[in-house]
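> Questions regarding the structure given below will be posed in turn.
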Amino acid sequence: MKLGIVGLPNVGKTTLFNALTGSHAETGSYSGAAVKPNIGQAKVPDARLDWLADYYHPKKYTPATIEFVDVVGIKKGSGRGNAYLQTIRQVDALVHVVRCFENDELFLEPADARRDAETLNLELILADIELVERRLDKAKKNAKGGDKKYKREAEMCEALIEHLSDGKPAASFEFTEEDKDILQDGGLLTIKPVIYAANLDESAMTDYAADAGFRALSDLAAEQGAAVLPVAAKFEEDIADMDDEEAQMFMEELGLQERGLDRLIRTSYDLLGYISFLTAGEDDVHAWTIVRGTKAPKAAGKVHTDIERGFIRAEIVSFDDL
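The opening position of the sequence shown corresponds to residue 1292 in the numbering used here, with each subsequent residue numbered one higher.
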């Protein structure tokens, strides 16, 4: 699973990336100067896997992982022609970090979560228009040979451009089954599932539901069918390097039951329809990520292709029954 982290400059994207992946990427200059994205992996927390590890004491412990791609902050008016966005066209979903904190040194205006979220969303729409326009030009050229497939593709592109030009994301466009076959992995940014990460000051986390920015994002997410969750990126980054006991102490001081990062990872799984199944023994305790509803033979293929080819049956045990 791969997630792209997007947002306006200085909203805490790279801080969140560092907290998630244990990285130490620069957070100041990255928003405007860097070219390459930050890429890192986060371990998926799983209490079941930890229990199995304590039981088997395996030689190897392999949690599931999520890859995060953190791109340069997208400035207003930079959606078209933005090379940075090309690096996240093939991610599975977007984590859209939105500022819900105040910082007079970085920002002249007070935080306005909905305004900022819609500003970034518009830039993504403009980037998609540019992509579809290129595809339309290519389809028109190929359609001159009489191929009906390209003629249909050109028609779809024209309709999609009109839809996007109205400020609507590709996710709300009514694709036919034929359109989906033509589109395949088209790399549209606004068709991807979205998780809004409301980046709050740590003092607001104790009652985040009352925060005006979080409420505004919740309303926007409900309108779009997106997910939203509160995070305090700087706080999460600070406790990422602490041992579990010390981190737990700081969390309790804020009245937090779990890390915001754990919620984000769990939300990612739910949004994309993923689950983990576990294999355990003295050699390895391992979590495997599959799409919910995957049949046992296909799941076995994640462990080894030979198991899938020679699959006869599987004995599946609920963790709660162990």
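Just so you know, even glycine gets a beta-carbon here, dropped at the ideal spot from N, CA and C.
Taking the beta strand (DSSP E) that Asp1351 falls in, what are its first and last residues?
For clarity, residue 1351 is Lys in the given sequence; the question names Asp instead. Element bounds for Lys1351: 1351-1353.
> How is Asp1575 classed by DSSP in three states: helix, strand or coil?
strand
> Compare the C-alpha of Ser1456 against each of Glu1421, Val1388, Lys1327 and name the closest.
Glu1421
> Suppose the cutoff is 6 Å on Cβ atoms and the five residues either side in sequence are ignored; what does the same chain contact list for Tyr1441 look like?
Ala1430, Asn1433, Ala1434
> Enumerate in chain order the residues of its own chain whose CB-to-CB distance from Tyr1321 is below 6 Å, with the five nearest sequence positions on each side excluded.
Residue placement at Tyr1321 is flagged as unreliable, the pLDDT there being 49, under the threshold of 50; a coordinate-derived value is accordingly withheld.
> Are the CB atoms of Pro1300 and Lys1366 within a distance shorter than 8 Å?
Yes, Cβ-Cβ distance for Lys1366 and Pro1300 is below 8 Å.
> Compute the beta-carbon to beta-carbon distance between Leu1511 and Ala1408, rounded to the nearest angstrom, for a pair I have assumed lies under 8 Å.
6 Å
> Using a Cβ-Cβ cut-off of 8 Å (strictly less than) and excluding sequence neighbours within five positions of Glu1493, which residues of its own chain qualify?
Ala1523, Lys1525, Phe1526, Leu1545
> Give the range of the beta strand (DSSP E) segment to which Val1389 is assigned.
1384-1390
> Flag His1595 as yes if its beta-carbon sits less than 8 Å from any beta-carbon of chain D, otherwise no.
Absent from the structure: chain D. Only one protein chain is present.
> Opposite Glu1358 in the DSSP bridges: which residues?
Lys1293, Gln1332
> Quick one: what's got a C-beta closer than 6 Å to Leu1376's C-beta in the same chain, skipping five residues either side?
Ala1418
> In the DSSP assignment, find the unbroken alpha helix (DSSP H) run with Ile1598 in it and report its ends.
1596-1600
> With a cut-off of 8 Å, do at least 3 Cβ pairs link the stretch 1306-1319 to the stretch 1348-1368?
As far as the Cβ criterion goes, the stretch 1306-1319 touches the stretch 1348-1368, which means the pair count is three or higher.
> Hey, is the stretch 1481-1500 in contact with the stretch 1372-1392, meaning 3+ C-beta pairs nearer than 8 Å?
yes
> Suppose only complete runs of 4+ residues qualify. What are the alpha helix (DSSP H) ranges in the stretch 1399-1470, listed by chain order?
1404-1434, 1439-1456
> Comparing alpha-carbon positions, which option in Asn1329, Ile1452, Arg1405 lies nearest Glu1424?
Ile1452
> Could you have a look at Asn1309 and say whether DSSP puts it in helix, strand or coil?
Looking at Asn1309 - three-state DSSP - the assignment turns out to be helix.
> Taking the alpha-carbon positions, what's the Tyr1499 to Glu1543 distance?
15 Å
> Going by DSSP in three states, Ser1567 sits in which element: helix, strand or coil?
strand
> If you reduce the DSSP assignment to three classes, tell me which class Ile1482 lands in.
helix
> Counting along the chain, where does the beta strand (DSSP E) carrying Ala1518 start and finish?
1518-1522
> Consult DSSP for Ala1316 and reduce its assignment to one of helix, strand or coil.
Three-state result, Ala1316: coil.
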